[in-house]
Amino acid sequence: MRVQKTELSGSMIPFAVRPALTATALAMALSVTHPGVALAQGGSTDFTVPAGPLNTALIEFGAESGVQFVYDSEIAAGRISGGVSGTLSAEEALVEVLDGTGLTYRFTSADTVTIQPLAVPGGGAAGVDQGTMLLDPIIVTARRTEEALQNVPSSVFVLDGEEIDRSNITDTDDLSLLTPNFDFSGGDNPGRIFFAIRGISDLNGASTGPTLGFFQDGILQNNSALTINSNRGLVDVDRVEVVYGPQGTAFGRGTIGGAINVVTNKPTDTFEASLRTELGSLPDGSFEAVINVPLSDQVAVRAVAYGELSDGFVDLPFGDTEDSIGATNAGSRLSARFTPTDRLTVDASVQYDTTSVDAPTFAVESSVLDSDPASLNGTIDELDIERLNLRGEVAYEFESGTLRATSAYNFTNFEGGEDFDFTPPDNSFIVRDSFERVFSQELRFESAEFSMLDGLGKISTNLGFIYSDMERENNPFFETNFFGGPGGNQTINSLKITNIGVFGDVRWRPIDRLEITAGARFSRDKADFALDVAPTGTFTTFVEPLVFDDDRTYTAVTPNASITYAITDEVTTYFSFSTGYRPGGLVGTLVGAPIEFDEERVRNFEGGIRATFLDGRLSASGSGFALFYDDIQVPISQAFGGGIENAAEARSIGAEIQLGAQPIDGLALQANLGLAFAKFTDFEASIAGDQTGDRLPRAPRVSFSFIGDYEHPEPIVGQMRPFARAEYSIRSGFSGGVGGDDDLGGFDVTNLRAGLRGDDYEVTFFVENLFNEGYATENVVPAAVANAALPPGFEGERFLVPGPTRRFGVEALFRF
Numbered sequence: 007m008r009v010q011k012t013e014l015s016g017s018m019i020p021f022a023v024r025p026a027l028t029a030t031a032l033a034m035a036l037s038v039t040h041p042g043v044a045l046a047q048g049g050s051t052d053f054t055v056p057a058g059p060l061n062t063a064l065i066e067f068g069a070e071s072g073v074q075f076v077y078d079s080e081i082a083a084g085r086i087s088g089g090v091s092g093t094l095s096a097e098e099a100l101v102e103v104l105d106g107t108g109l110t111y112r113f114t115s116a117d118t119v120t121i122q123p124l125a126v127p128g129g130g131a132a133g134v135d136q137g138t139m140l141l142d143p144i145i146v147t148a149r150r151t152e153e154a155l156q157n158v159p160s161s162v163f164v165l166d167g168e169e170i171d172r173s174n175i176t177d178t179d180d181l182s183l184l185t186p187n188f189d190f191s192g193g194d195n196p197g198r199i200f201f202a203i204r205g206i207s208d209l210n211g212a213s214t215g216p217t218l219g220f221f222q223d224g225i226l227q228n229n230s231a232l233t234i235n236s237n238r239g240l241v242d243v244d245r246v247e248v249v250y251g252p253q254g255t256a257f258g259r260g261t262i263g264g265a266i267n268v269v270t271n272k273p274t275d276t277f278e279a280s281l282r283t284e285l286g287s288l289p290d291g292s293f294e295a296v297i298n299v300p301l302s303d304q305v306a307v308r309a310v311a312y313g314e315l316s317d318g319f320v321d322l323p324f325g326d327t328e329d330s331i332g333a334t335n336a337g338s339r340l341s342a343r344f345t346p347t348d349r350l351t352v353d354a355s356v357q358y359d360t361t362s363v364d365a366p367t368f369a370v371e372s373s374v375l376d377s378d379p380a381s382l383n384g385t386i387d388e389l390d391i392e393r394l395n396l397r398g399e400v401a402y403e404f405e406s407g408t409l410r411a412t413s414a415y416n417f418t419n420f421e422g423g424e425d426f427d428f429t430p431p432d433n434s435f436i437v438r439d440s441f442e443r444v445f446s447q448e449l450r451f452e453s454a455e456f457s458m459l460d461g462l463g464k465i466s467t468n469l470g471f472i473y474s475d476m477e478r479e480n481n482p483f484f485e486t487n488f489f490g491g492p493g494g495n496q497t498i499n500s501l502k503i504t505n506i507g508v509f510g511d512v513r514w515r516p517i518d519r520l521e522i523t524a525g526a527r528f529s530r531d532k533a534d535f536a537l538d539v540a541p542t543g544t545f546t547t548f549v550e551p552l553v554f555d556d557d558r559t560y561t562a563v564t565p566n567a568s569i570t571y572a573i574t575d576e577v578t579t580y581f582s583f584s585t586g587y588r589p590g591g592l593v594g595t596l597v598g599a600p601i602e603f604d605e606e607r608v609r610n611f612e613g614g615i616r617a618t619f620l621d622g623r624l625s626a627s628g629s630g631f632a633l634f635y636d637d638i639q640v641p642i643s644q645a646f647g648g649g650i651e652n653a654a655e656a657r658s659i660g661a662e663i664q665l666g667a668q669p670i671d672g673l674a675l676q677a678n679l680g681l682a683f684a685k686f687t688d689f690e691a692s693i694a695g696d697q698t699g700d701r702l703p704r705a706p707r708v709s710f711s712f713i714g715d716y717e718h719p720e721p722i723v724g725q726m727r728p729f730a731r732a733e734y735s736i737r738s739g740f741s742g743g744v745g746g747d748d749d750l751g752g753f754d755v756t757n758l759r760a761g762l763r764g765d766d767y768e769v770t771f772f773v774e775n776l777f778n779e780g781y782a783t784e785n786v787v788p789a790a791v792a793n794a795a796l797p798p799g800f801e802g803e804r805f806l807v808p809g810p811t812r813r814f815g816v817e818a819l820f821r822f
């Protein structure tokens, strides 16, 4: 698309349109004055401004044209220019440089130009038709470099910060219901959640890395089995990107099924402050406070504090406590940005949060289906989770591209215990004291696009190196009165992984509309395993003491390739091939030496199309995929212990389809459909018998969501605008265990929100799970449940993890 500009007639306005997959439309309009007619009417110049960071492109453009720019470098930071080449007038060339960046220009004199945002969401300016409503541009980092979603050769689902706020998405659990082919199964407490993308999920509890990587600002957060299933909060977020398929080249380890990348808001040069509070019916409450302060022209800081207190929706009618399972969460993040020059940006942040959980949310099946979940476990000590995240990044924009150096340190600590068999703790109890700490250092260079020899087009690269050092220690102590008397087992299980990755891709554009990309990553994981098993009491009769220390090294090359072709400015199609790998490892058992398992591998073939219609009022995106999952790490049965082996193969074929529309002013509609036919093609060695042909767990054939959002275009009183939002999500039946067909039924959930919105405040009334749908997201098979002394009437019950019951409340937002 072109950035368009007209004379002073005011009959036209500058605008750019790109497809959007968000559900909320923004009014896109900005008035322009034009005293720079002399420049526009000047002669032509030969321009050779290469594609790359916009700040760099504007510097080069100014040198070639003699135009002086006056603008805040912050608004250009992170934006990419396609450059310009050819003999053009200065104004024509400037249009090319700004094309697709979301920015426009205004002449302040014959040779001086200011750069400014393309539009003022919800606002507009003098001379603008306020009825004009266009889809919002989307910038993503799905390939580890900022670019338009339209150009990404992969299926990507994006929710920006405004959508996240409007849907009241507070963690990754909430996110999954709106995302096609992104299924979740609730863990045994609010701090845990199990994910699946296109049927790929973690099928064992002792791996050396995740199948789906959860990233915050490009830093992997779930490095080992201890943190793989952490349910992370989403606070003060710019956007969340769900990238489908193996991401071994772009994101690295732990992404054979896909990646979830959370991009937080960074400090800006504008003061802002806000307070969000919420009261719910569980009862529960939460708050989020944000303040952004520019300390000088070069330094800005941003701070956010948040907290949540919930009584929970699962009752404890049995055991020592007749109460409900609750949780608390609190944390803060402090960020700073230093921009000493237009070319240099330094970012630093520290985040700390803690979660406390009363008890696991196991519930009996009958109570789940009655929408009144009841747990048999009332004798639990509190589980505490602490997280500390430090991140620093230095980015320097050369004329040839941007060099980034990113350092990070993550620490996670788990403390607590649980009743292992739903009986009093003197019968069977387990205490956990575990931690994980990770240091990583990445160096990456994103080149500008530069011309090759005449007739060979343009080329750009993205090259990098990463080093990470992870240490995890899991120290459970198990004590029981079963097996004839008191006994127990103290296990110290430690894992150290040193990862080195070298990665890069080359993007060749032989003609303007065609891009061919090829890339690969070399990964080396050196894993050190240590195990110390010390039985006590009756356990000494069948568990031998064991001290084990060994290491393994795993290497892999994961290539990818893609072709992207822009049929028109509004329609782009692509085809891609990608691969992924997860390292093997050793898993300890209660009897005998640890068992070794090998790597997993995935091959993914994908094609898709993205398009906009009706002057940007309608967007459509569709992708089809076929992935092949080899040497899957699955649990195997073993007396008084467990193990893992590469005993399964699988295939998943399906599609993601996303539609967005603004049929009238103020109304935005969004529909998302996921289809996944994922099954084991070979799984004879399953602990549940031969499961060849069964569905993969957490892989419903159909996942669908619909969002309707309406905000009155004009204030009704002062700045007050009424709004309403409806969300409907459906999942077909799926397996919640290690495999099988429809052992958990399908379900649908409806959420409603309505309220009043002004420039400085917002009041929202909401109801979630409007029809109080009773459903489960996971099977639970406690190891000792066969020995549990269940209350009368509950013998033979299945144990499930329930989905949230109906909840209603009010939310208020104030901006200062």
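Each residue of the sequence shown is one higher than the one before, starting from 7 at the first, in my numbering. Idealized CB from N, CA, C, for every residue including glycine. Since the structure is predicted, the reported quantities are computational estimates derived from the model, not experimental observations.
Who are the Cβ neighbours of F777 in its own chain at under 7 Å, not counting the five residues just before and after it? T756
May I have the straight-line CA-CA distance separating G680 from D189, to the nearest angstrom? 10 Å
Could you pull out every residue in the same chain whose Cβ sits closer than 6 Å to the Cβ of F822, ignoring the five residues on either side in sequence? A279
Do you know how far the Cα of S440 is from the Cα of F163? Between the alpha carbons of F163 and S440 lies a distance of about 34 Å.
Measuring straight from C-alpha to C-alpha, what distance separates Y312 and T770? 19 Å
Less than 7 Å between C-beta atoms, sequence neighbours within five positions excluded: which residues of the same chain meet that for T54? Closer than 7 Å at the Cβ level, and outside the excluded window around T54, lie S91.
Go through its chain and collect everything with a Cβ distance to F344's Cβ below 7 Å, but skip five positions before and after it. Q304, V305, V352
Any idea if P159 is buried or exposed, counting beta-carbon neighbours within 10 angstroms, 16 or more meaning buried? buried
Leaving out five residues before and five after T418 in sequence, what residues of the same chain have Cβ atoms less than 6 Å from its Cβ? T233, R393, E442
Can you tell me the Cα-Cα spacing of V320 and G660, whole angstroms? Near 35 Å, if we compare the C-alpha coordinates of G660 and V320.
Would V101 and L64 qualify as a contact pair, given that the criterion is a beta-carbon distance under 8 Å? no
Which residues mark the beginning and the end of the alpha helix (DSSP H) in which T62 is found? Counting along the chain, T62 sits inside the alpha helix (DSSP H) bounded by residues 60-71.
Out of D766, R763, T783, which one is the CA nearest neighbour of F753? T783
Quick one: what does DSSP say F814 is sitting in, helix, strand or coil? strand
Pairing CB atoms from the region 617-629 with CB atoms from the region 535-542, are three or more of them under 8 Å? no
Report the rounded CA-to-CA distance for V539 versus V299, giving the unit in angstroms. 53 Å
G507 by DSSP, collapsed to three states: which one? strand
Please determine, among E294, S287, D171, the residue with the shortest C-alpha to C-alpha distance to D244. D171
Rounded C-alpha distance that separates T546 from T497: 14 Å
Should G332 go down as buried or exposed, given a rule of 16 or more other Cβ atoms within 10 Å for buried? G332 should be labelled buried.
Would you call the region 626-635 and the region 569-576 touching, i.e. three or more CB-CB distances under 8 Å? no
Identified DSSP bridge partners for Q222: I225, V268
Restricting to runs no shorter than 4 residues, where is the alpha helix (DSSP H) found entirely within the region 351-422? 371-375
Closest by C-alpha distance to G463, when choosing among F603, N187, T579, I517: I517
With DSSP run on the structure shown, which of helix, strand or coil describes L240? coil
Output the distance between the C-alpha atoms of A682 and I199, rounded to the nearest integer angstrom. 21 Å
Suppose you measure from the CA of L750 to the CA of V640; what does that come to, to the nearest Å? 20 Å
Any idea which residues DSSP pairs L181 with across the strands? DSSP lists no partner for L181.
Considering just the uninterrupted stretch of the alpha helix (DSSP H) at V101, what are its terminal residues? 96-104
Assumed close pair R450, G470 - CB separation to whole angstroms, cut-off 8 Å: 4 Å
Continuous beta strand (DSSP E) stretch holding I144: start and end: Where I144 is concerned, there is no enclosing beta strand (DSSP E), given that its DSSP letter is neither H nor E.
For T151 versus E452, is the C-beta spacing smaller than 8 Å? yes
Just verifying my parser: in three-state terms, what is the DSSP assignment at F820? strand
Identify which residue in N505, E550, N775 has its Cα closest to the Cα of F528. N505
From this set, T107, E98, A96, V296, which residue's C-alpha is nearest G88's C-alpha? T107
Residue from N480, D475, T176, V512 whose Cα sits closest to the Cα of N823: Summary: the structure shown does not reach residue 823, with the chain confined to residues 7 through 822, and so no result is reported for it.
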